[in-house]
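Colleague: What follows is a single structure, and I will ask about it in a moment.
Numbering (this note's numbering), first residue to last: 1037 to 1146.
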């Protein structure tokens, strides 16, 4: 199964994150027009891990983000992890398909 999620970031960029199973790894592909994310990398593999070691791919992304000066408020790293978790069934595919949309709303600025 292939999982794709889209993000409309507060910075104005629209991005798509796709996770594709590739044996013992999950291939991540990011489509974006953000130059920082393009330097960060739009194609990479994360290891498939057992639930007891579920933080390993997240730490790899954090280190990758720090090395490439990704904005602290960038939604792409957590979207990569959510796409990864759905593809690897750490988040229910049925629940993800049913919900289909997760949002962050700015309800008030004073």
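Cβ atoms here follow ideal geometry from the backbone N, Cα and C, with glycine treated the same way. All figures in this text were calculated on a predicted structure; none of them were measured in a lab.
#1: Assuming residue 1115 and residue 1043 are in contact, meaning their beta carbons sit under 8 Å apart, how far apart are those beta carbons, in whole angstroms?
#2: Evaluate residue 1123 with the Cβ neighbour count: other Cβ atoms within 10 Å of its Cβ, from every protein chain shown; 16 or more gives buried, anything less gives exposed.
#3: So, using beta-carbon positions, are residue 1121 and residue 1104 closer together than 8 Å?
#4: Could you check whether residue 1117 and residue 1097 sit closer than 8 Å to each other, using their CB atoms as the reference points?
#5: Where residue 1083 and residue 1048 are concerned, what is the direct C-alpha to C-alpha distance, given to the nearest angstrom?
#6: Closest by CA to residue 1142, which one among 1037, 1129, 1040 and 1046?
#7: Using beta-carbon positions only, say whether residue 1053 and residue 1062 come within less than 8 Å of one another.
#8: What does the Cβ neighbour count give for residue 1144, buried or exposed, with the cut at 16 atoms within 10 Å?
Modeller: Put simply:
#1: The sequence position of residue 1115 within the chain shown is 79, counting from 1. The sequence position of residue 1043 within the chain shown is 7, counting from 1. 5 Å between Cβ atoms; contact.
#2: Counting from 1 along the chain shown, the entry for residue 1123 is found at position 87. Per the 10 Å Cβ criterion, buried.
#3: Residue 1121 sits at position 85 when you count from the first residue of the chain shown. Residue 1104 sits at position 68 when you count from the first residue of the chain shown. No. Outside cutoff.
#4: The count along the chain shown starts at 1 and reaches residue 1097 at position 61. The count along the chain shown starts at 1 and reaches residue 1117 at position 81. Cβ distance < 8 Å, so residue 1097 and residue 1117 count as in contact.
#5: What you label residue 1083 is simply residue 47 of the chain shown in a count that begins at 1. What you label residue 1048 is simply residue 12 of the chain shown in a count that begins at 1. Cα to Cα, residue 1083 sits roughly 31 Å from residue 1048.
#6: In the chain shown, the residue the question calls residue 1142 occupies position 106. Among 1037, 1129, 1040 and 1046, the Cα nearest to that of residue 1142 belongs to 1046.
#7: As a first step, residue 1053 is located in the chain shown; it is residue number 17 there, counting from the start. As a first step, residue 1062 is located in the chain shown; it is residue number 26 there, counting from the start. No, the Cβ-Cβ distance between residue 1053 and residue 1062 is not below 8 Å.
#8: Indexing the chain shown from 1 puts residue 1144 at position 108. Exposed: under 16 other Cβ atoms inside 10 Å.
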